[in-house]
Structures are given as C-alpha cells and as structure tokens.
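So the sequences go chain by chain: A and B.
Taken in order, the first sequence gives residues 1 to 200; the numbers are from our numbering.
Taken in order, the second sequence gives residues 1001 to 1200; the numbers are from our numbering.
Built from N, CA and C at the ideal position, the CB exists for glycine as well.
Bear in mind the structure is a predicted one, so any value in this text is a computation, not a measurement.
Structure first, then comments.
Protein chains: 2
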Amino acid sequence: MSSPTPRRAPAGAAVLREDVTEAIRAAVFEELAAVGFARMSIEGIARRAGVGKTAVYRRWKSKLALVLDLVGAVAAQGLPAPATGSLEGDVRALLTAASHALRHPIASQVIPELLVEAARQPEIAAPVRAALLDGQEGVVAQIVREAVARGELPEGADPGRALDLVVGPLYWRLVVARTEPPAGYVDDLTRAAVAALRTL
Amino acid sequence: MSSPTPRRAPAGAAVLREDVTEAIRAAVFEELAAVGFARMSIEGIARRAGVGKTAVYRRWKSKLALVLDLVGAVAAQGLPAPATGSLEGDVRALLTAASHALRHPIASQVIPELLVEAARQPEIAAPVRAALLDGQEGVVAQIVREAVARGELPEGADPGRALDLVVGPLYWRLVVARTEPPAGYVDDLTRAAVAALRTL
Chain A
1 MSSPTPRRAP AGAAVLREDV TEAIRAAVFE ELAAVGFARM SIEGIARRAG
51 VGKTAVYRRW KSKLALVLDL VGAVAAQGLP APATGSLEGD VRALLTAASH
101 ALRHPIASQV IPELLVEAAR QPEIAAPVRA ALLDGQEGVV AQIVREAVAR
151 GELPEGADPG RALDLVVGPL YWRLVVARTE PPAGYVDDLT RAAVAALRTL
Chain B
1001 MSSPTPRRAP AGAAVLREDV TEAIRAAVFE ELAAVGFARM SIEGIARRAG
1051 VGKTAVYRRW KSKLALVLDL VGAVAAQGLP APATGSLEGD VRALLTAASH
1101 ALRHPIASQV IPELLVEAAR QPEIAAPVRA ALLDGQEGVV AQIVREAVAR
1151 GELPEGADPG RALDLVVGPL YWRLVVARTE PPAGYVDDLT RAAVAALRTL
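Below you can see the structure in the form of structure tokens.
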C-alpha cells in the first residue's frame, strides 16, 4: 500500500495549470458565442471556467489580449509552410487551411465583432489586424517569393495584392455571404486565384 | 396682395415629410457611429433627429428594418447596369462603384456589426444577407450572362463563384485588412478578376 509519491504532485500541478488554461479557453469561446465580445467580461469567463479572476489575469492582461491570442491561434490554425514546389499546390494548401479556420464556429462571429471594435476604437485596430492577418500575410508573402524564384510569377509581384486575391473570395463566401460553397470549391478557387496572381 | 394659395400647403407638408425622413436617416448614421447597432434604440434615433418616436415607427417597423433599408441603399449605391459591352469594362464599373460604397464611413463598421447580429440571431440572417448582397448579386449575374452570350465566358459559368471572385478581394482589402489600396488598385483588380473569371 503506497501513499502518493512526492513526484506526482508537481506533475499533477502542471496538469492542473494546463487544465485551468484549457477551461479558460473553452469558457471564452462559450462566452463569445453567448454574449459576444463587447458584453463579455473577465468575471463571466472566470465564473464559466470555474476559476478565480486572478487565474485569468495571471495568463492574459486584458479581455482583448485574451481574445486576440485565441483568435490569432484559430486564424493561424494549420497554416501550411509553402512547400509543395508549385504555386498551384501552395495556394491550394493555404486555401484548404483557411477554409477550415474560417469554418470554425467562432470565426464568422468573432472576426466581424473584432472588426467592429477596431472601427470604434482605433487604438485596438493594429493588434486586431495583426491577430487576424499576420499569419496569412507571412505565408502568402513566402508563396509569392518562391513562385517568383521559380519563374511562376513576375519579378516584383505584390504580396499585399496577392493576399487579397487568394483569401478575399473565400472570406467573402464563408463569412459575409455565408452560403455553403459548392463541391470542388477550393479547387475552383485555387485555379482562379493562380490565374489572378499571374496578372500581378 | 395674395394670401398663400391652398396649393402651397400640401407642397410644404411634403417637403416637411421628406425633411423628417432625411433627419431620421442622418440620425441613424450618427447613432451607428456613436453607439453601434446593438446598443442603438429608436428612442435615441428620434431624440437625435428631433422628432417623435411615432415619426420613426410610421416609416420603419423596427430598428432592423430601418438599418437594413439604409445599408441596402449604401450597398446598392451607384451599382452600374453592365452596359459597357465587355467583361472587363463591366467588372471595372462594378469594382469602381463597390469601392466607393465600401469606403462609405458606415460600411466598414455597420456591415461587420450586422454580420455579428446575423450570426447570433439566425432569424435576421436572411434579411441582412439580402440587404448586403442582393444588389451586387443581381449585377454580377447579369455581367456573367452577357459575357457568356458574347462568348467571353464559358457556357454555365457560375454567378455565385463569380461574385466571390469579383467582390471578395476588394471587400477583404477595404473592410478586413483596412489598408489603403495602392494606386491603380481597381484596374489591377479588374485584370485579375477577369483572368479568374475565365477559369470558371
């Protein structure tokens, strides 16, 4: 009959810390769905997660920091390194990942909500923009660079315009129009985007 | 010395009715900018417009109906009939009009806000979608139809995908990324969209 060994306490504490973080993350998504960003409070998150407010503040300094951290993670979810060796392959991989990220239940609600807040409070525009766009901007810039190096895109092709052309139609369909894309949509969009990119 | 003729009273009343409608419209835009859709009330609109609540309710049955009416008008603002005789000319005319509409101060704030409300209240999703998209959907469908008739696009080209390809990149740039487009952006987007449409 052994009593719990001391070794187990730290391991248990680490697990517990991770559990708390996970409980807070889950609570944030539930609160966002229930009341939205504007009306959500750290208090409500803590209550739903079954933890104290300090447990939240120990991890994130504000509601905005917390939400941007989570949204940034969703936006960057599974973003591929452009490694297929062709422009078309790289664009297809990016659109496939973005299509999953934008179908996340939180994306079509919280992204527009963060854009509303950013329009109303210019001081949060930059962090909101960074959380939503930095990951995709980086990947598209690299896709363009490698396509230029392979001679698939013209020298000097603008990565900013490229991001608009690749991600814009998908975002419009999934977040604005919100109609279910037809079968083969990502493939069709890939061919269309590559043709569009070649005009850059 | 003639006294005012009876003809003038109705004319004056008509002008007044239009003034009230205009005052309400202006008040709605100001309230949207100040407090946003969710917190805006008919009472607040009436107060700002200097009219009674009944003057508002006589014209629109609810806050949502009022805002969708105004937003629909902005979204459809100057939407061109596709009459240039070429796919490229028609796409350029549409993108030019959409670019003005999306730069309207209210567009980048209230469209995301309506999308948030639609995600939270499924019963308003259809009217929100209709106000935002119906005008552009109709124009793009006609552009595609005429381009198919001229042999510029393949038989059976899907107007839904066409709308995503034409409007998506512009919306993404002006409403999501919110970075100032470079010089010549609408021309570049036109060439890119036409190339993309040809893959349909």
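Taking a Cβ-Cβ threshold of 9 Å, none of the residues of chain A is close to R1103(B); the smallest such distance is about 13 Å. A straight line joining the alpha-carbon of D1134(B) with that of R1039(B) spans about 26 Å. Distances from the alpha-carbon of A196(A) to those of L165(A), E30(A) and P169(A) put L165(A) closest. The C-beta distance from R120(A) to G1036(B) rounds to 7 Å, short enough to meet the 8 Å contact threshold. Taking a cut-off of 8 Å on C-beta distances, the segment 182–196 of chain A touches the segment 84–91 of chain A, as three or more cross pairs fall below it. Counting the other Cβ atoms within 10 Å of the Cβ of P182(A) gives fewer than 16, which makes it exposed.
Collapsing the DSSP output to three states places A76(A) in coil. The shortest C-alpha to C-alpha distance from A1131(B) to any of R1103(B), D1069(B) and V1144(B) is the one to D1069(B). Spatial neighbours of L114(A) in its own chain (CB-CB distance under 6 Å, excluding positions within 5 residues in sequence) are listed in chain order as V128. Taking 4 residues as the minimum length, the alpha helix (DSSP H) runs contained wholly in the segment 1008–1072 of chain B are 1008–1039, 1042–1049 and 1053–1059, in order along the chain. Along the segment 149–180 of chain A, the positions whose C-beta sits under 8 Å from a C-beta of chain B are D158, G160, R161, L163, D164, L165, V167, G168, P169, L170, Y171, W172, R173, V175, V176, A177, R178 and T179, read in chain order. Counting other Cβ atoms within 10 Å of its Cβ, R173(A) reaches 16 or more and is therefore classed as buried. Buried is the label assigned to G1168(B), since at least 16 other Cβ atoms lie within 10 Å of its Cβ. Counted as a single uninterrupted DSSP element, the stretch harbouring L174(A) is not any alpha helix (DSSP H), since DSSP gives it neither H nor E.
Counting other Cβ atoms within 10 Å of its Cβ, T199(A) reaches 16 or more and is therefore classed as buried. Think of a sphere of 7 Å around the beta carbon of A1073(B): no beta carbon from chain A falls inside it, the nearest being about 18 Å out.
For the options R145(A), E137(A) and G151(A), the alpha carbon positioned closest to that of A76(A) is the one of E137(A). Annotation for S1099(B): the continuous alpha helix (DSSP H) segment containing it runs L1087 to R1103. Taking all protein chains in view, the Cβ of Y1057(B) is surrounded by fewer than 16 other Cβ atoms within 10 Å, so the residue is classified as exposed. DSSP, reduced to helix, strand and coil, places Q1121(B) outside both helices and strands of the structure shown, so it counts as coil.
Nearest to I1111(B) by alpha-carbon distance, out of V1074(B), W1060(B) and T1054(B), is V1074(B). With a beta-carbon spacing of about 6 Å, L1064(B) and I1124(B) fall inside the 8 Å limit used to define contacts. Under the Cβ criterion of 8 Å, P1112(B) is counted among the residues facing chain A. Nearest C-alpha to I1106(B) among L102(A), V116(A), I106(A) and A162(A): V116(A).
Here the C-alpha atom of L189(A) lies approximately 8 Å from the C-alpha atom of L95(A). Taking a beta-carbon distance threshold of 8 Å, T1096(B) does not count as an interface residue toward chain A.
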